[in-house]
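Asker: My questions all concern the structure below.
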Amino acid sequence: MQHLANVTELKARLEAPAIEVEGLSHVYAGPDGGVKALLDIRLAVGKGRFVVIVGPSGCGKTSLLMMLAGLLQPSQGTISCLGRPMPKPDPQRVGVIFQEASLFPWLTTLDNIEFPLSLRGMPREERRRRSAAMLGLVGLEGFGERYPHELSGGMKQRVSIARGLVQDPPLLLMDEPFAALDEQTRMTMGHELLRIWSTTEKTVVFITHSLTEAVYLADEVLVMSARPGRIIDHIQVTLPRPRSYEMMATEVFGQLRERIWQQIRRAP
Amino acid sequence: MTRAQIIATRLALLALVLGAWELLPRLGAINALLLPPLSQVLTTLVELLGRASVQEAVTVTALEVIVAFVIAVPLGALAGILIAENDYLSEIFKPMLFYVFSIPKSIFLPMFILVFGIGFQQKVAYAAFTTGFVVLMSATAAVESVKPDHILVARSYGATQAQILWRVYVPSMLPFLLETMRISMIFNFTGVMIAEMYASRTGIGHLIANWGENFQMPQLFAGVIVLSAVAIIFNEAVRALEARCSTWRT
Amino acid sequence: MSRPAPATVRWMLLAVLLVLWEVVPMTGLLPELFLPACSKTLSVLYGDRHIYGAALLVTLYEVACSMLIACGLGILAGALVGGTALLRDLLLPVFSSLYAVPIVILYPIFTAWFGVGSSSKIAFAGIYGFFPVMLSTAAGIRTIDPQFLLAARSMGATLSQQITRVIIPASVPTVFAGLRLGGALTIIGVVVSEMLTASAGIGYLVTLNRTILDSPRVFAGILAILVLSIAYYMLARALESRMVVWQSAGRQQQSSAGVSTAAVPAPAAA
């Protein structure tokens, strides 16, 4: 039985962590006592950090993300984002980006980006201003009037990211956003994401299956075990920023990948 | 809801409907002349089934349904397969099929009567005509449902045309074919009914139209019940067969 | 040697048919009784245009009213039954079983109850169109990507916002398909019922003229109905493609297969 992750390095920081999770467990209702998805998760994410969660399929990482987003309530334990709990989604505090871009096909790109703003009743000019700014941030100027079906997979995900950013939430949750893209697009998008992230000061929690992606993007990698999911390792990625593709060929990179892989393979 | 609960709820709903059918006319809430109580309809039904004239009508209708089906299916299937197999023909005819389906084919019934008169051939010809189009469309869809990947794999293993036909096409199309038969029969039955109700001196459809004209409501309802029962039973039977054959179907 | 484009072939076929329609009766290959010449039919149609016009109005009125029932109720019921898991499991199989029954046998009941006028036609055609539209809408509602609602919730949408800003726009293609189907079916239903027992309408004219063996007038009626149903189909498709411009790429056309595994029926071959 693995011990819980050691999170003492965060105590050195003076600021309160952006995310704090204590004693979180979750059981999905069902026959035979239900499905234990998560077991006694405890973690803290510092402000402005880029944290990546990896783990085998079904380990509960998506459930954990949904709880951080306020879309799901845990059976046990507490969550606090920026010092307050998450009883329901709060898009101004926490932005969520899913694996499927889920852009509404009946809206143009710009309309899709400003959708969360229109839900709040923001006036049209203000909305346009912000969504246009986001469009530029993700590198899609000129595509504002296109419809989703005219965009490639990578472009759709960029729009999805723009939509998640448009309310400028300090916290960003991303659930395997590049999983449906091909390898080359993934690498480009990862690089783009780091660029966008470096121009803002957001805290990011990113889920992926790809070990390469994890090491490339992260400040810290949390490794989860198979179901019921626990955090079995907490790896600091000390590679310098800004990251570059060449770093992927270094020994340090390879060792970090190897360590993650060993942890995942060994986890019971 | 569990399966048992669903069935129980449905039976309860059915009992409610049947109960209302019995009670509302009896209590006078609905005019019993317009909607005779269920019990009366059922006794009439039993009595009708014993009558020779009714049995004769049933035989005529059944014969028409079968003959029309036997004519329509091979012709429609052949045409459908031809269209599906030949890209050029596909491009020509497939867009037309949608137009064809929007047209009320009953409008051609007078044409059939002008040519064949009123009688067995006319009804069979009309029913075959309407059914043929359905079979055609279904056959086209069935052929197109065979995945080109499967055919490619078979060919790469050296299968002959005949082998591809029997070992890939037929098994792949079998559930589709059953469904085609089922739906074609529904349309076939409808076609025969329309022809019989429109201009005919024989058959159940004619009897029903007659009873309606003469306000013989118990008989009318009895006829409707019998026909509906037959249609539903046939449909469900073929569906069960389909389910057996298509466990692998997505 | 290149082949002519498929569209050209279709027009050619149409032209050939029209020519045959004119020539064959004239040369006496087929008696005038079976097939009156195209020109004769058209001239009779023009000559009696007031009669046909009035009949067409009656037919159109009945179609409009029954469309209200078939599409209005059908879409609502379909959305309800398809969208609610409970109702769906309970009722959908029942409705698709009932689909096997030839609805036309109910028509004499309607004439006995409502008489020979428009009400019986409207009731009949309304029911005739109701079931397929309901089944089609129920199936269509289920194709709405559940991820949309998840995304909307994560963006803080309230329940009413989820319905008005996500579910309703996402249902537009399904609704339009339902309208197209409902219209086609109600036209068929009205025509069939007018032919069977009626006192007015194009179907009634066709039957009337058949019994007096006036072939040109019979065919004039047939032509009128053909034009009506094709015109409706083209109108519905044009509207649909304009309104639903964004669904062009990804989605399968629901109408492409006459047979489908879901209980989505093709317009009836009545």
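From first to last, the protein sequence lines stand for chains A, B and C.
Following my numbering, the numbering of the first sequence begins with 47 at its first residue and continues without gaps.
Following my numbering, the numbering of the second sequence begins with 318 at its first residue and continues without gaps.
Following my numbering, the numbering of the third sequence begins with 14 at its first residue and continues without gaps.
The beta carbon of each residue, even a glycine, is placed where N, CA and C say it ideally should be.
What residues from chain C crowd round A115 of chain A, counting only those whose CB sits closer than 8 angstroms?
Answerer: Within the first sequence, numbered from 1, the residue matching residue 115 of chain A stands at position 69. Going along chain C in sequence order, the residues near A115 of chain A (Cβ under 8 angstroms) are S167.
Asker: Please name the residue, chosen from C:G214, C:A190, C:F137, C:L105, that lies closest to I64 of chain C on a Cα-to-Cα basis.
Answerer: Walking along the third sequence from the start, residue 64 of chain C turns up at place 51. Comparing Cα positions, the closest option is C:G214.
Asker: Does DSSP put A83 of chain A in a helix, a strand or coil?
Answerer: Reading the first sequence from its first residue, position 37 is the one you call residue 83 of chain A. Reduced to three states, the DSSP call for A83 of chain A is strand.
Asker: If distances are taken between C-alpha atoms only, which option among C:M208, C:L226, C:I225, C:L33 comes closest to I238 of chain C?
Answerer: As a working note, residue 238 of chain C is residue 225 in the third sequence. Considering only alpha carbons, the answer is C:M208.
Asker: Quick check: is the beta carbon of I383 of chain B nearer than 8 angstroms to any beta carbon in chain C?
Answerer: Your numbering for residue 383 of chain B matches position 66 in the second sequence. For I383 of chain B, the answer is no, since every Cβ of chain C falls outside 8 angstroms of its Cβ.
Asker: Measure the Cβ-Cβ separation of M490 of chain B and S462 of chain B and say whether it is below 8 angstroms.
Answerer: For the purposes of this step, residue 490 of chain B is taken as the residue at position 173 of the second sequence. For the purposes of this step, residue 462 of chain B is taken as the residue at position 145 of the second sequence. A contact, by the Cβ cut-off of 8 angstroms.
Asker: With 8 angstroms set as the bound, which would you pick, yes or no: does the beta-carbon of I398 of chain B sit closer than that to a beta-carbon of chain C?
Answerer: Numbered from 1 along the second sequence, position 81 holds the residue referred to as residue 398 of chain B. Closer than 8 angstroms: no.
Asker: So, is D136 of chain A buried or exposed, given that buried needs 16 or more other C-beta atoms within 10 angstroms?
Answerer: The sequence position of residue 136 of chain A within the first sequence is 90, counting from 1. Its Cβ being crowded by 16 or more others within 10 Å, D136 of chain A is buried.
Asker: Checking contacts by CB at 8 angstroms: is D102 of chain C closer than that to chain B?
Answerer: Here residue 102 of chain C is taken as the residue at index 89 of the third sequence, counted from 1. Cβ-Cβ to chain B under 8 angstroms: yes for D102 of chain C.
Asker: Would you identify the three-state DSSP class for F551 of chain B, choosing helix, strand or coil?
Answerer: Counted from its first residue, the second sequence places residue 551 of chain B at position 234. Three-state result, F551 of chain B: helix.
Asker: Just mark A281 of chain C as buried or exposed, buried being the case when its beta carbon has 16 or more other beta carbons within 10 Å.
Answerer: The residue given as residue 281 of chain C occupies position 268 in the third sequence. Summary for A281 of chain C: the model assigns pLDDT 45, below 50, so the residue's position carries little reliability; its value from the coordinates is reported in the next sentence. Buried, since its Cβ has 16 or more Cβ neighbours within 10 Å.
Asker: Quick one: is A346 of chain B buried, meaning 16 or more other Cβ sit within 10 Å of its Cβ, or exposed?
Answerer: Locating residue 346 of chain B in the second sequence gives position 29, where the first residue counts as 1. With fewer than 16 other Cβ atoms within 10 Å, it is exposed.
Asker: Closer than 7 angstroms, Cβ to Cβ, to anything on chain C: give me those residues from the region 160-189 of chain A, in chain order.
Answerer: Cβ contacts with chain C come from F161, P162, L165.
Asker: What does V179 of chain C touch in chain A if you count any residue whose Cβ is under 9 angstroms from its own?
Answerer: Here residue 179 of chain C corresponds to residue number 166 of the third sequence, with the count starting at 1. Per Cβ cutoff of 9 angstroms: F150.
Asker: Starting from H195 of chain A and walking both ways along the beta strand (DSSP E), at which residues does that stretch end?
Answerer: Numbered from 1 along the first sequence, position 149 holds the residue referred to as residue 195 of chain A. Unbroken run through H195 of chain A: none, as it is neither H nor E.
Asker: So, for I503 of chain B: in the same chain, excluding its five sequence neighbours on each side, which residues have a beta-carbon less than 8 angstroms away from its beta-carbon?
Answerer: Position 186 of the second sequence, counted from the first residue, corresponds to residue 503 of chain B. Excluding positions up to five away in sequence, the list reads A548, N552.
Asker: Comparing alpha-carbon positions, which option in C:F127, C:I180, C:M147 lies nearest F532 of chain B?
Answerer: What you label residue 532 of chain B is simply residue 215 of the second sequence in a count that begins at 1. Nearest C-alpha to F532 of chain B: C:F127.
Asker: Determine the chain F residues that contact I235 of chain C at a beta-carbon separation under 9 angstroms, and present them in chain order.
Answerer: The structure shown contains no chain F; the protein chains it does contain are A, B and C.
Asker: Going by DSSP in three states, Y74 of chain A sits in which element: helix, strand or coil?
Answerer: Taking the first sequence and counting its residues from 1, one reaches residue 74 of chain A at position 28. Residue state, collapsed to three classes: strand.
Asker: If you run the structure through DSSP and keep just helix, strand and coil, what is C105 of chain A?
Answerer: Numbered from 1 along the first sequence, position 59 holds the residue referred to as residue 105 of chain A. Coil, per DSSP.
Asker: Counting only beta-carbon separations shorter than 8 angstroms, does V334 of chain B have a partner in chain C?
Answerer: In the second sequence, counting from the first residue as 1, residue 334 of chain B sits at position 17. By this cut-off, V334 of chain B is not an interface position.
Asker: Does the beta carbon of A92 of chain C sit closer than 8 angstroms to a beta carbon anywhere in chain A?
Answerer: Within the third sequence, residue 92 of chain C is the residue found at index 79, counting from 1. Output row for A92 of chain C: interface = no.
Asker: I need the straight-line Cα distance from V142 of chain A to L86 of chain C, nearest angstrom please.
Answerer: Position 96 of the first sequence, counting from 1, holds the residue named residue 142 of chain A. Position 73 of the third sequence, counting from 1, holds the residue named residue 86 of chain C. Their Cα atoms are separated by approximately 38 angstroms.
Asker: Here's the rule: buried if 16 or more other CB atoms are within 10 angstroms of the residue's CB, otherwise exposed. What is S228 of chain C?
Answerer: Residue mapping note: residue 228 of chain C aligns to position 215 of the third sequence, counting from 1. Flag for S228 of chain C reads buried.
Asker: If you measure beta-carbon to beta-carbon, which residues of the region 188-209 of chain A are closer than 9 angstroms to chain C?
Answerer: Answer set for the region 188-209 of chain A: Y193, P194, H195, E196, S206, R209.
Asker: Between T72 of chain C and V129 of chain C, how many whole angstroms is the CB-CB distance? I'm expecting something under 8 angstroms.
Answerer: Taking the third sequence and counting its residues from 1, one reaches residue 72 of chain C at position 59. Taking the third sequence and counting its residues from 1, one reaches residue 129 of chain C at position 116. Going by Cβ atoms, the distance from T72 of chain C to V129 of chain C rounds to 15 angstroms, so no, they are not a contact pair.
Asker: Kindly say whether F144 of chain A, judged by its beta-carbon, lies nearer than 8 angstroms to any beta-carbon of chain C.
Answerer: Stepping through the first sequence from its first residue, residue 144 of chain A is reached at position 98. Yes, contact with chain C.
Asker: Do the CB positions of A444 of chain B and V387 of chain B come within less than 8 angstroms of each other?
Answerer: By one-based count along the second sequence, residue 444 of chain B stands at place 127. By one-based count along the second sequence, residue 387 of chain B stands at place 70. No, these two residues do not count as a Cβ contact at 8 angstroms.
Asker: Thinking C-alpha only, which one of C:L26, C:L248, C:S212 is nearest L69 of chain C?
Answerer: Position 56 of the third sequence, counted from the start, is the residue given in the question as residue 69 of chain C. Taking only the C-alpha atoms, the option nearest L69 of chain C is C:S212.
Asker: State the Cα-Cα distance for the pair G540 of chain B and H523 of chain B, rounded to the nearest angstrom.
Answerer: Mapped onto the second sequence, residue 540 of chain B falls at position 223. Mapped onto the second sequence, residue 523 of chain B falls at position 206. About 11 angstroms.
Asker: Leaving out the 5 sequence neighbours to the left and right, which residues in its chain are closer than 7 angstroms to R209 of chain A when beta-carbon positions are compared?
Answerer: Locating residue 209 of chain A in the first sequence gives position 163, where the first residue counts as 1. Answer for R209 of chain A: N158, I159, F161, P162, listed in chain order.
Asker: Go ahead and label S501 of chain B buried or exposed: buried means 16 or more other beta carbons lie within 10 angstroms of its beta carbon, across all protein chains shown.
Answerer: Within the second sequence, numbered from 1, the residue matching residue 501 of chain B stands at position 184. S501 of chain B comes out buried.
Asker: Reducing DSSP to helix, strand and coil, say where I347 of chain B ends up.
Answerer: Here residue 347 of chain B refers to the residue found at position 30 when the second sequence is read from its first residue. In this structure, I347 of chain B counts as coil in the three-state DSSP scheme.
Asker: Measuring CB atoms only, is the region 245-256 of chain A touching the region 99-108 of chain A, in the sense that at least three cross pairs come out at less than 8 angstroms?
Answerer: Because the criterion of three Cβ pairs below 8 angstroms is met, the region 245-256 of chain A and the region 99-108 of chain A touch.
Asker: Counting only beta-carbon atoms, is P216 of chain A nearer than 8 angstroms to chain C?
Answerer: Here residue 216 of chain A is taken as the residue at index 170 of the first sequence, counted from 1. No, because no Cβ of chain C sits closer than 8 angstroms to the Cβ of P216 of chain A.
Asker: Quick one: is P19 of chain C near chain B, going by C-beta distance under 8 angstroms?
Answerer: Position 6 of the third sequence, counted from the first residue, corresponds to residue 19 of chain C. Judged by the 8 angstroms Cβ criterion, P19 of chain C is in contact with chain B.
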